[in-house]
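Below: one structure, written as structure tokens.
Residue numbers (mature numbering (1 follows the signal peptide of the UniProt record, and there is no 0)): -21 to -1, 1 to 518.
Pasting the structure below:
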């Protein structure tokens, strides 16, 4: 009897321990609809989430499980993607059409995400059918666990600041412009948290606040600044940075930054200004930093941004470095992983281009302009469906061939350590993102990259992020550890370019087939195209 009780008690303790050790769950129910929005003071049709534009903020803590039930009440298919959330071992939930079937009209899908070993500032957005031009985006905050030290005191407030360019043209019209083979016109305005010149942030004099700034726009680099105030950079897309003070910051499309701002000026209201960079026409919008004991409204000229062009921005980018002594999501220094001592197993050079294919505007990577298929590539790979894509359909190096259309997939080996060079021979700033990963931005400079360019790499404290800019007639080099099995989207964050082919998928493959390397397909996975009718139930 005593023995039976002993084993039963031990079993109960084990079960209770397993339950207690499971990471917390956060549940969200989102209703996606069209609705009236007034970002420029005039009525437009926008995409609302639970009636909100921008959508609800996702607030979470490292390792939280996020259960997001999305009801699509649009009259067309819909997808959400998670900019910077790495989806460890789970590209099925990535929310881009190469991995995930769209949610049909009138149906729902439940995303099951875990912000495993992540902290920082990110955002979500609709990835299908140029919906991004209509809204449907929102902020994601991932806080450190209470026992993990953060390298600055708790701020008195934590604001999400979503900035981006905006059209007063319906997104379906913009999509039709692209479908007919034309370029988009210049946008009409800039927004801060979904409004032009109409947003306010209230602060108390003498206190310090965190601003999480994300560029959720379609194509333009934006400069962010606050009248009479300095900003201390503390975090970039999930990595604590060396705490450098700036008067303004260039935020490229798809990027996120966290800054600390102290309300240390006389009690009044101050302009927050956002303006385009590197454009012939300058767009500017403002918000208000409102002191709670303000004695007067804003006055004086709107603070101007930097007048220098690419050199100023390049110098700022090179000054952003990882804080090696700070803890990240785990209680160990961020510099404990010595990326500069690892041997590179492969070099990939990716070169963008713009051209006409069949008398329509297209964009490409290494001469290949991506075209989607009716079956998501990840599903075709999982179910071993032939005829959907071919691994190796995009070369590792620029081919200099005339641009052509293909469903481009690059093969890559699990646990390889690669060097990727983004070569930009065009006269515009570009912005590149890799789903499922962060990477070390080890170098960037003007001209054409050569092996000798490695001599100027930062192999000690390069910033670790998921979206990087490439300046005109310039290159940017990254190091990346391929530690996340799956089918991952590599894309331009200029959304018209992405839509018209400047993207491809990287298939990070492990022959072992173990769930330690990659999760099984979710039981609730939507199936479409040639995958329709298959079973997702585990044997």
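Here a beta-carbon is modelled for each residue, glycine too, at the ideal position from N, C-alpha and C.
Residues near residue i by beta carbon distance below 8 Å, same chain, minus five either side
i: residue 132; result: 187
i: residue 431; result: none
i: residue 275; result: 247 and 248
i: residue 310; result: 126, 127 and 128
i: residue 323; result: 396, 397, 398 and 458
i: residue 85; result: 51 and 52
i: residue 220; result: 212, 213, 214, 299, 300, 301, 302 and 442
i: residue 295; result: 225, 228 and 229
Contacting residues, own chain, Cβ-Cβ under 6 Å from residue i (five flanking each side not counted)
i: residue 269; result: 179, 181 and 248
i: residue 497; result: 68 and 464
i: residue 15; result: 22
i: residue 217; result: 97, 98 and 99
i: residue 343; result: 332, 382 and 480
i: residue 367; result: 352, 354 and 359
Beta-carbon gap between residue i and residue j smaller than 7 Å
i: residue 233; j: residue 446; result: yes
i: residue 201; j: residue 238; result: no
i: residue 474; j: residue 441; result: no
i: residue 410; j: residue 387; result: no
i: residue 466; j: residue 363; result: no
i: residue 59; j: residue 105; result: yes
i: residue 459; j: residue 400; result: no
i: residue 35; j: residue 44; result: no
i: residue 190; j: residue 240; result: yes
i: residue 123; j: residue 98; result: yes
i: residue 521; j: residue 95; result: What is shown of the chain runs -21 to 518, which leaves residue 521 out entirely.
i: residue 57; j: residue 195; result: no
i: residue 253; j: residue 264; result: yes
i: residue 415; j: residue 66; result: yes
i: residue 11; j: residue 119; result: no
i: residue 173; j: residue 32; result: yes
i: residue 347; j: residue 385; result: yes
i: residue 91; j: residue 46; result: yes
i: residue 321; j: residue 375; result: no
i: residue 435; j: residue 422; result: yes
Residues near residue i in its chain [Cβ-Cβ closer than 7 Å; skip 5 each side]
i: residue 319; result: 438 and 439
i: residue 340; result: 160, 161, 162 and 479
i: residue 298; result: 223
i: residue 514; result: none
i: residue 504; result: 71 and 515
i: residue -12; result: At residue -12 the pLDDT is 37, less than 50, meaning the model places this residue with poor confidence; the figure from the coordinates comes in the next sentence. Cβ neighbours of residue -12 beyond the five flanking positions: none.
i: residue 134; result: 187, 188, 189 and 239
Burial state of residue i, where buried means 16 or more other Cβ atoms lie within 10 Å
i: residue 20; result: exposed
i: residue -21; result: Caution applies to residue -21, whose pLDDT of 39 falls short of 50 and renders its modelled position unreliable; the value that the coordinates give is listed next. So residue -21 counts as exposed.
i: residue 481; result: buried
i: residue 261; result: exposed
i: residue 266; result: buried
i: residue 171; result: buried
i: residue 110; result: buried
i: residue 317; result: exposed
i: residue 164; result: exposed
i: residue 76; result: buried
i: residue 495; result: exposed
i: residue 93; result: buried
i: residue 472; result: buried
i: residue 350; result: exposed
i: residue 259; result: exposed
i: residue 389; result: buried
i: residue 112; result: buried
i: residue 330; result: buried
Terminal residues of the beta strand (DSSP E) in which residue i lies
i: residue 168; result: 168 to 171
i: residue 81; result: First-last for residue 81: undefined, no H or E at that position.
i: residue 39; result: 37 to 40
i: residue 424; result: 418 to 425
i: residue 460; result: 453 to 460
i: residue 471; result: 465 to 471
i: residue 133; result: Residue 133 -> no beta strand (DSSP E), and no H or E assigned at all.
i: residue 49; result: 44 to 51
Extent of the continuous alpha helix (DSSP H) to which residue i belongs
i: residue 289; result: 289 to 298
i: residue 499; result: Careful: residue 499 lies outside any alpha helix (DSSP H) and carries neither H nor E.
i: residue 154; result: 150 to 158
i: residue 478; result: 474 to 478
Near the ligand MN: residue i beta-carbon under 6 Å from a heavy atom
i: residue 393; result: Among the ligands in the structure shown, none appear at all, so the ligand MN cannot be discussed.
| Completely contained beta strand (DSSP E) runs for the region 187 to 259, where each covers 3 or more residues | 187 to 194, 201 to 205, 210 to 215, 218 to 225, 227 to 230, 235 to 241 and 248 to 255
| request: Entirely within the region 301 to 377 and at least 3 residues each: give me those beta strand (DSSP E) ranges in chain order. | output: 325 to 336, 339 to 344 and 347 to 349
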